[in-house]
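Visitor: Note that this note's numbering has the sequence shown beginning at 55, numbered continuously upward. No residue lacks a Cβ here, since even glycine has one placed at the ideal position from N, Cα and C.
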Amino acid sequence: MDRRDFLKRAALMSGAVVVGSRSADAFSDMSLLLAKQPKAWKSLTPVMLPNTITAETEDGTYDLVYDQGLHTCGDIVVHLRARENVLYTTLRSPSKPVKYITMTWNEPAPPSARVLGDHWERGYGDLAWKGVAGERIMPWYYAEYDGSHCHAKGVKTGCRAFCRWHRSATQVKLVLDVRNGTRGVVLGSRTLKMADIIWMDSTAGQTPMAFLTRFCKMMCDSPRLPKAPIYGINDWYFAYGNNSDRLILQTVDMMQDAIPDTSNLPFCVIDAGWACYAPGSTSAASWSDNFYTPNKNFPDMHRLASQIKAKRMRPGLWMRPLCAAHDTKESLRMMNKNGNGRSNILDPTIDENLDYISRCFKTYRKWGYEMVKHDYSTFDIFGRWGFEMLREGDMTWGNWTFNNRKLTNAEVILNLYSHLRKAAGKILLIGCNTVSHLAAGLFEIQRTGDDTSGNEWARTLKMGVNTIAFRMPQHNTFYAADPDCVGLTTKVPWRLNKQWMELIAGSGTPLFISAQPEAMGPEQRQTIKECFRIAATNTVAGEPLDWLTNPTPAKWRLRGSIREFDWKE
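#1: Given a threshold of 16 other Cβ atoms within 10 Å of its Cβ, counted over all protein chains shown, does N463 qualify as buried or as exposed?
#2: For M192, which three-state DSSP category applies?
#3: Helix, strand or coil for F619, going by three-state DSSP, please let me know.
#4: Return the bridge partner residues of P348 from the DSSP annotation.
#5: Note down the Cα distance separating L145 from E424, rounded to an integer number of angstroms.
#6: Relative to the C-alpha of A326, which residue among W341, R137 and S317 is closest?
#7: Under 6 Å Cβ to Cβ from N288, same chain only, skipping five residues before and after it: list those, please.
#8: So, is H125 buried or exposed, given that buried needs 16 or more other C-beta atoms within 10 angstroms?
#9: Inspect the beta-carbon positions of A215 and F269 and report whether they are closer than 8 Å.
#10: Helix, strand or coil: how does DSSP classify H173 here?
#11: Do you know how far the Cα of N296 is from the Cα of E572?
#12: Use the C-beta contact count for V594: other C-beta atoms within 10 angstroms, 16 or more gives buried, fewer gives exposed.
#13: When we look at the beta-carbon of I130 and count the other beta-carbons within 10 Å, is it buried (16 or more) or exposed?
#14: How far does the alpha helix (DSSP H) with N520 in it extend, from its first residue to its last?
#15: Throw me the rounded Cβ distance for the M248 and T143 pair, which I believe falls under 8 Å.
#16: Using C-beta distances below 6 Å, list every residue in its chain close to D389, excluding the 5 sequence neighbours before and after it, in chain order.
#17: If you compare alpha carbons, which of R233, I191 and G242 is closest to P148?
#18: With distances taken Cα to Cα, identify the nearest neighbour of L371 among A339, L400 and D401.
#19: If I measure Cβ to Cβ from E406 and keep anything under 7 Å in the same chain, skipping five residues before and after, which residues do I get?
#20: Relative to the C-alpha of P527, which residue among L266, K363 and S397 is closest?
#21: Based on the DSSP output, what are the partners of V546 in its beta bridges?
#22: Can you pull the DSSP bridge partners for P353?
#23: Whole angstroms is fine: what's the gap from I582's alpha carbon to N318's?
#24: Within the continuous beta strand (DSSP E) that includes Y154, where are the two ends?
#25: In the DSSP assignment, find the beta strand (DSSP E) that holds I435 and state where it starts and stops.
#26: Can you give me the C-alpha to C-alpha distance between K476 and P193, rounded to a whole angstrom?
#27: I need the boundaries of the beta strand (DSSP E) containing F269, first residue and last residue.
#28: Anyone know if the C-beta pair for T668 and A494 falls short of 8 Å?
So, in structure tokens, the structure goes:
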């Protein structure tokens, strides 16, 4: 069972088109213009300069025409500047609300090219090197490999537009989504810094993994990384929200012999279920009335944190930052996606709602918690999971805006994440269902895949093994890439969970074990002890060796040795 099941059960959610191409004169004029820039600026070349730029507004799509170094249509202005290997893009549109800026490059793909893209938030077991397909949406960046050479294009993290790439046999397309909700952003007099575009080619003998890791490092100038490797325990995959302080302490006691003799102690993350119930609800598994008041099963959160620390673990907890309380004013809630009425979600563009988040984190600091996993914000804002965004061709749906229409969706998310960061202080943050490219540099840890499982191995294989392999380039370049837990229960074969645990520990990514007490025997205890020992100190990133052809790689280089896994049930 995954968290979406709890949402479904709770039922709480309640123009003219102009097409054109750039002339050869435009390339020539742009080169002459940039030749006059300071020497630190690198001239644009036809490879860097888009062949077309269009703007989609609420009344149509317009071709932007090159004019004196700018790309314009009326008072819509896109400005491109290049420096070293970065193409900086800005947008001005004082009178028209803009929805999308689209750039295209006429660039043939290598005949044998395989292409890898990313996801908006978490992976959903669908990341893979695939053939060229122009309709495929590739958020943030893509890489192509022809068997000997890699090339990648992307945007730097922290951009102010949701950026997606499309790669056809003849063309590269970049769509910069600058909407507010589903409507155009109202910029007024300000200039929007949309995104910084970068590209890179591999060096001789460089593997696709080494290349993409280097490219991810180029995309994120200032990752915020944990000071030491992350590992520990979590109760979700055996409790599924039916937890208590008594159960938490039982699992902490159960792990005492596994804690290594090191200053880098493991975390105990109290997952969903601890916060106060919404009126009429008998569960806090996915929704709570607020996240600063515990329920009857957790009578003293400060005392619980102290007890966890006394047993040589570091306390953490889970929260959902955009839950509206039963008595939250209508004016503080987001619009429903159909534009009628208000939802149960807090509008993150309203200061009062950000103050609520600050109150939550002030409470966590007072209680003594050292890690917070915050969840659901992407779904809560856009009304779709990441796989639905790709399947439907849009991040959201309906006819809605935020209270503040002057910000793009990406800016709203960045502001929310920045506020979470400020409110957290020294507390480590795990972003779950958070936007990868916007979380980088703000959160120490990012859940990079959808939920694994304590009930079915097939889900862990799909969501866990696929994720850890294909988002390994982001590990310690964007954040510590958390592939999710080992759901160690009596329902999942130990032979498979043992290998999954050993892969995570050996890969250097965060290791969290969700161990059902009834599933713990001598062999499980010994394996956990050994994996904790490795995870506490391992900083060497694992490398999937068969990822070019296998979506759930079985052959890995871990800590300098080759390891082959058998994932079959």
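Guide: To lay it out plainly:
#1: buried
#2: strand
#3: coil
#4: A329
#5: 40 Å
#6: W341
#7: V323, D325, C539, F566 and S568
#8: buried
#9: no
#10: coil
#11: 16 Å
#12: exposed
#13: buried
#14: N520 to F524
#15: 5 Å
#16: For the record, residue 389 in the displayed sequence is Met; it is not Asp. Excluding positions up to five away in sequence, the list reads W454.
#17: G242
#18: A339
#19: L386
#20: L266
#21: V546 pairs with nothing; no bridge assigned.
#22: Looking at the DSSP assignment, P353 forms no beta bridge with any residue, so it has no partner.
#23: 16 Å
#24: V152 to N160
#25: Segment S431 to F436 is the alpha helix (DSSP H) holding I435; no beta strand (DSSP E) there.
#26: 27 Å
#27: Counting along the chain, F269 falls outside any beta strand (DSSP E), though it belongs to the alpha helix (DSSP H) covering P262 to M273.
#28: Nothing can be reported for residue 668: it is not among the residues displayed for the chain, which extend from 55 to 623.
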